[in-house]
Ligand code: FES
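In the working numbering, the protein residues as written are 107 to 213.
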């Protein structure tokens, strides 16, 4: 069984509303989103190629990859359109006071 390790990645004020930033979660490149007051996290690297999703365009719950405009749903990582064939990994997120923590599985 794996446990969740919570990594402090940012101050809540560092994540602009309805925007995305890239953060380092224990050496892992993670994209952190704020949408309609909720926080979400996915792998930052697109599953299609070498592009960082934090450089993409966030509209509602969908992040558009900057390279070939593939779109993922940030709530569940689902690949929404071509050329994406693979979902992106998601991570649990929580707030503790002013800090934002991302949960990584301790496999
Ligand atoms: S690298 Fe993201 S859609 Fe191609």
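Beta carbons: idealized from backbone N, C-alpha and C, even for Gly.
- Only residues of its own chain outside the window of five on either side were considered, and among them 211 and 212 have a CB closer than 8 Å to the CB of residue 109, listed in chain order.
- Sequence-distant Cβ neighbours of residue 123 in its own chain, meaning closer than 6 Å and more than five residues away, are 140.
- Distances from the alpha-carbon of residue 176 to those of 130, 159 and 207 put 159 closest.
- Taking the C-beta atoms as reference points, residue 132 is found no nearer than 7 Å to residue 150.
- Beyond the five residues adjoining it in sequence on each side, residue 186 comes within less than 7 Å, by CB distance, of 168, 177, 178 and 179 in the same chain, given in chain order.
- The residue from 130, 134, 112 and 152 with its alpha-carbon nearest to that of residue 191 is 152.
- Residue 157 and residue 203 have their C-alpha atoms spaced approximately 32 Å apart.
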